[in-house]
Each structure stands twice: as structure tokens, then as C-alpha cells.
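Trainee: Residue numbers (the working numbering): 3 to 112.
1) Under the rule that 16 or more other beta-carbon atoms within 10 Å means buried, what is residue 50, buried or exposed?
2) Are the stretch 84–93 and the stretch 65–76 in contact at 8 Å, needing three or more beta carbon pairs?
3) Give the range of the alpha helix (DSSP H) segment to which residue 29 is assigned.
4) Our contact map puts residue 16 next to residue 45 with C-beta atoms below 8 Å; I'd like the distance itself, whole angstroms only.
5) May I have a chain-ordered list of the beta strand (DSSP E) segments no shorter than 3 residues that lie completely inside the stretch 50–98?
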């Protein structure tokens, strides 16, 4: 895994890990990327992962499912997110509320 310089895709690498360990993953991945010249793409819903101060809005893509397709937006291109980041919020606080399912309140009906 560490010997290659190919693209590394990670889907929710934080699953089943303690939050203290999850907080260490972004700097670890950054070092791996810098040392091995390797591009890393990961998906996450983890606030612990996104609280890292080294993650900027220009590095985060938000995927929003629509009826026929999925819309992809660069976090820093969304004016509301950009304003929150400029106001000092973390990328987690600026982005994660935008990713909640639109009808999540309906779960309480069951």
C-alpha cells in the first residue's frame, strides 16, 4: 500500500476507530501524500476527521444526491460555506450541516 505512487481511494476510513485516532488520520495522510507524491481521495461524514485545521475548503467536495444524478460542489465555491470558513469555523462546522438528508426529520415518525 505504501510502495505505490498510484491514486489511493479511501471510503470512510474512520469507521470503527476511536475519535482520538481519527483526529490523527489527516496529518498522517498529508505526510503520505507529500512523501510519496500520491493523490489521496477519501469520503467521510466524520466531524473528527474534518476538524483538522489543515483541511481547507478548496480540498473538500460536497456530493449531493439529486433525482437523476449527483451534484458535486467545491466547498470553497459555496458562498455560505466560504463566509463561515472566513469567520473562523472549521470545515466540519461549515460543511457537515449541508450534508444531512433533506427528510431526516421523518425518521422520528416511526
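The beta carbon of each residue, even a glycine, is placed where N, CA and C say it ideally should be.
Mentor: Taking the definition as stated:
1) Counted from its first residue, the chain shown places residue 50 at position 48. With 16 or more Cβ atoms within 10 Å of its Cβ, residue 50 is classed as buried.
2) Counting C-beta pairs closer than 8 Å gives fewer than three between the stretch 84–93 and the stretch 65–76, which falls short of the contact rule.
3) In the chain shown, counting from the first residue as 1, residue 29 sits at position 27. Counting along the chain, the alpha helix (DSSP H) containing residue 29 begins and ends at 21–38.
4) Position 14 of the chain shown, counting from 1, holds the residue named residue 16. Position 43 of the chain shown, counting from 1, holds the residue named residue 45. In fact, because the Cβ distance is near 10 Å, the residues do not count as touching under 8 Å.
5) Complete beta strand (DSSP E) runs here, min 3: 63–67 and 72–76.
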